Amino acid sequence: MILAFSPLALLGGLALSYEVPEMELTQAFAKFKEDYGIDYPTPQEAALREEIFIENYRHIQRVNAEGRPYKLAINKFADQSSEEFAAAMLTRGYRKRHRDFFGAAKRPGFLGVHHYSGKPLPDEIDWSHLNAVTRVKNQGSCGSCWAFSATGSLEGRYEIANPKHDLVEFSEQQLVDCSTEEGNMGCNGGLMDYAFKYVIEHGLCTEEDYGYDAVDEPCRNSTVKKKARLHPHDVVGYVDVDSKNGAAMKEALQTGPVSVAIEADMPDFQFYHEGVLTGECGDSLDHGVLLVGYGEMDGTKYWKVKNSWGAEWGKKGYILLERERADGTDEDECGILLQGSYPKFREDINERTTPAMAESLEVVIPEDLTLPILMESSSNAGHYHAPPCDEGDAQAQIKLHDHTYELCSPPCGPDNSCPPKPAGVDAREMCVLSTHPPKADHCALICMADGDLKCPEGMTCVPAQGQFGVCLSEVGVSALPRVKGTEVIYE
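Quick note, the sequence shown lines up with residues -17 to -1, 1 to 474 if you use mature numbering (1 follows the signal peptide of the UniProt record, and there is no 0).
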């Protein structure tokens, strides 16, 4: 990206030079261009970029020679000034909470503030070592850091609530495209709390089903309706962490990663490589990141932060920020303690969320259908009901008579057998739904339109083939929670 800045302005942020041999500078710039495959469009542009690179290189060498508890290194941003870097990566990406934002009545989904309880806390925790943090991602040139921060805490806390499932990556692009009504501005910035507010009402797809493109696009509503891994109200709200309170932040981390905001426009942040970043880096919040833990390194206490600039930046995509001063008081390095928040899931999320969803299924009841012999069932298994679904069931969407219905449908067994129906239900479980007609591969309950074989409570016998029907639910009819104060009540 070429931005129009004067050379004097570009170099103003690094006024202190550091003597480095000219040959070393020339070789370093040549290696930088080779490593990142850079070919500047004009000689003038190449000369400008080399001048900026040299000043950045000198700054990196000077800082590394001072014996600080962190090191800097050349990275993909080395031919950008601090001003260019901030304009391209930061200033659009994070929207600060406005004063009127803090009125609870104006914040649907807000469950309150996490205050420190006073309980003893462990000396360290790192969710990236506990299978609750996904791979480091790259937001590209889109100001979507807020979306990556939000999905990070959703991914981690969903995994903690669902340890039997594989770690799931959620869709940042869906938040970029679809959460504008909540107050976000796509690639032009947003707020993690607004992202949580959207997910509460609309759910969230996986990265696989709604991939990242790093540009603003129309919301893919049909994909959201068919593929959402998190259903509406699986997330019941979000909690803000008490501002400028290190103990409250540490305690919040005991239950999972926390979405936080920082100031990231300083050169030492731009070129961070390893160690614990100390010193002044400001608290003018301009970047959303994910706080995954805390600990101590060589006598310096730190916060561990996951960034969204790719794994080649920093310490494999992470940065350690100073957590505590020498006198034991909180160090609000880069403003990390100012605006932390995290989502809360419904209590039964580990039982009720669909791990995989089928495409639209078709009913394939044969004309010569013979019902199996009635067997008394005592099963309490959670099949054949309205979504959200249990592990292993597909959320089937079925169109019949110009209406769309849905069902939590288990797959058929090798011999076309089906899991037993719930106890006390007359309808018969049969392998009669198909993802690829005419062969059936999913199960449903067969009912009779005359009421002889009745469906479970809350399900409708929808006519499908002659006298036979299928027990289905109209789309959107499911038990949802409501929030009373900070208590979640299921009805």
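Beta carbons: idealized from backbone N, C-alpha and C, even for Gly. Since we're looking at a predicted model, the values are computed, not measured.
Can you name the start and end residues of the beta strand (DSSP E) that arginine 411 belongs to?
Translated into the one-based positions of the sequence shown, residue 411 becomes position 428. Segment 411 to 417, the beta strand (DSSP E) holding arginine 411.
Leaving out five residues before and five after leucine 236 in sequence, what residues of the same chain have Cβ atoms less than 7 Å from its Cβ?
The residue labelled residue 236 in the question sits at position 253 within the sequence shown. Closer than 7 Å at Cβ, skipping near neighbours: Ile108, Leu274, Gly276 and Tyr277.
Could you say which of Cys395, Lys284, Cys125 and Ile348 lies nearest to alanine 309 if we only look at CA atoms?
By one-based count along the sequence shown, residue 309 stands at place 326. For alanine 309, the nearest C-alpha among the options comes from Lys284.
For valine 259 and methionine 232, which I take to be in contact (beta-carbon distance under 8 Å), what is that distance rounded to the nearest angstrom?
To locate residue 259, count along the sequence shown from 1; it is residue 276. To locate residue 232, count along the sequence shown from 1; it is residue 249. The pair is not a contact, with the Cβ atoms about 17 Å apart (cut-off 8 Å).
Any chance you could list the beta strand (DSSP E) runs of at least 3 consecutive residues sitting entirely within the region 204 to 241, in chain order?
DSSP runs (the beta strand (DSSP E)) wholly in the region 204 to 241: 218 to 224.
Only counting the same chain, and skipping five residues up and downstream in sequence, which positions put a Cβ closer than 8 Å to that of glutamate 295?
What you label residue 295 is simply residue 312 of the sequence shown in a count that begins at 1. Cβ neighbours of glutamate 295 beyond the five flanking positions: Asn58 and Lys59.
Output needed for aspartate 223: all residues of its chain with C-beta closer than 8 Å, excluding positions within five of it in sequence on either side, in chain order.
As a working note, residue 223 is residue 240 in the sequence shown. Excluding residues within five positions, the ones whose Cβ falls inside 8 Å are Phe93, Gly95, Val96, His97, Asp176, Gln322, Gly323 and Ser324.
Which residues mark the beginning and the end of the beta strand (DSSP E) in which alanine 447 is found?
For this step, residue 447 is matched to residue 464 along the sequence shown. Alanine 447 -> beta strand (DSSP E) spans 443 to 448.
Could you name each continuous alpha helix (DSSP H) segment of 4 residues or more that falls completely within the region 108 to 174, going from the start of the chain to the end?
Complete alpha helix (DSSP H) runs here, min 4: 128 to 144 and 155 to 161.
Would you mind sorting proline 349 into buried or exposed? The rule is 16 or more other CB atoms within 10 Å of its CB.
Reading the sequence shown from its first residue, position 366 is the one you call residue 349. It counts as exposed.
Helix, strand or coil: which one does DSSP assign to leucine -8?
Locating residue -8 in the sequence shown gives position 10, counting from the first residue. Low per-residue confidence applies at leucine -8: pLDDT is 36, beneath 50, and the placement is therefore not dependable, though the value from the model is reported in the following sentence. Here leucine -8 sits in helix by DSSP.
My understanding is that isoleucine 245 touches histidine 216, with C-beta atoms under 8 Å, so please give their C-beta distance in whole angstroms.
Residue numbering aside, residue 245 sits at position 262 when the sequence shown is read from its first letter. Residue numbering aside, residue 216 sits at position 233 when the sequence shown is read from its first letter. 31 Å between Cβ atoms; not a contact.
Measure the C-alpha to C-alpha separation of proline 52 and valine 458 and round it to an integer number of angstroms.
Taking the first residue of the sequence shown as 1, we reach residue 52 at position 69. Taking the first residue of the sequence shown as 1, we reach residue 458 at position 475. Cα to Cα, proline 52 sits roughly 57 Å from valine 458.
Can you find at least 3 beta carbon pairs, one from the region 180 to 200 and one from the region 118 to 126, that sit closer than 8 Å?
Yes: at least three Cβ pairs fall under 8 Å.
Take phenylalanine 254 as the anchor and find which of Tyr141, His112, His366 and Tyr301 has the nearest alpha-carbon.
One-based indexing of the sequence shown puts residue 254 at position 271. Of Tyr141, His112, His366 and Tyr301, the residue nearest in Cα terms is Tyr301.
Just verifying my parser: in three-state terms, what is the DSSP assignment at methionine 340?
Sequence index remark: in the sequence shown, residue 340 carries index 357 (1-based). Its pLDDT being 44, under 50, methionine 340 is placed unreliably by the model, and the measurement read from it follows with that caveat. It is coil, neither helix nor strand.
Taking the alpha-carbon positions, what's the glycine 262 to proline 240 distance?
Numbered from 1 along the sequence shown, position 279 holds the residue referred to as residue 262. Numbered from 1 along the sequence shown, position 257 holds the residue referred to as residue 240. Rounded to the nearest angstrom, the two C-alpha atoms are 25 Å apart.
Which residue marks the beginning of the beta strand (DSSP E) containing isoleucine 302, and which one marks its end?
Here residue 302 corresponds to residue number 319 of the sequence shown, with the count starting at 1. Note, isoleucine 302: beta strand (DSSP E), 301 to 305.
Checking the sheet assignment: what are the DSSP bridge partners for histidine 97?
For this step, residue 97 is matched to residue 114 along the sequence shown. Histidine 97 pairs with Val224.
Classify alanine 144 as buried or exposed, calling it buried when 16 or more other Cβ atoms lie within 10 Å of its own Cβ.
Position 161 of the sequence shown, counting from 1, holds the residue named residue 144. By the 10 Å Cβ count, alanine 144 comes out buried.
Measuring alpha carbon to alpha carbon, tell me which residue in His366, Glu234 and Asp251 is nearest tyrosine 99.
Within the sequence shown, the letter at position 116 stands for residue 99. For the residues His366, Glu234 and Asp251, the minimum Cα distance to tyrosine 99 belongs to Glu234.
For phenylalanine 179 versus tyrosine 141, is the C-beta spacing smaller than 8 Å?
In the sequence shown, residue 179 corresponds to position 196, counting from 1. In the sequence shown, residue 141 corresponds to position 158, counting from 1. The answer is no: Cβ separation not under 8 Å.
Based on Cα-Cα distance, which residue from Cys454, Asn114, Glu314 and Pro326 lies nearest to glutamine 380?
One-based indexing of the sequence shown puts residue 380 at position 397. Per the Cα distances, Cys454.
Do aspartate 248 and serine 127 have their beta-carbon atoms positioned less than 8 Å apart in this structure?
Within the sequence shown, numbered from 1, the residue matching residue 127 stands at position 144. Within the sequence shown, numbered from 1, the residue matching residue 248 stands at position 265. The answer is no: Cβ separation not under 8 Å.
According to the Cβ coordinates, are tyrosine 388 and valine 445 closer than 8 Å?
Counting from one through the sequence shown, the residue named residue 388 turns up at place 405. Counting from one through the sequence shown, the residue named residue 445 turns up at place 462. Their beta carbons are under 8 Å apart, which means tyrosine 388 touches valine 445 by this criterion.
According to DSSP, simplified to helix, strand and coil, what is phenylalanine 451?
Within the sequence shown, residue 451 is the residue found at index 468, counting from 1. Here phenylalanine 451 sits in strand by DSSP.
For isoleucine 302, verify whether its CB is less than 7 Å away from any heavy atom of the ligand FAD.
Questions concerning the ligand FAD fall outside what the structure shown contains, since it holds no ligand whatsoever.
Report all residues from its chain with a CB closer than 7 Å to the CB of isoleucine 43; omit the five preceding and five following residues, and keep chain order.
Within the sequence shown, numbered from 1, the residue matching residue 43 stands at position 60. Once the five neighbours on either side are set aside, the close Cβ partners of isoleucine 43 are Leu55, Ala56, Ile57 and Phe254.
Which residue or residues does DSSP assign as beta-bridge partners of valine 346?
Along the sequence shown, one-based indexing puts residue 346 at 363. DSSP output for valine 346 lists Leu416 as bridge partner(s).
Quick one: give me the first and last residue of the alpha helix (DSSP H) that valine 46 is part of.
Against the sequence shown, residue 46 aligns to sequence position 63. Where valine 46 is concerned, the enclosing alpha helix (DSSP H) stretches over 26 to 48.
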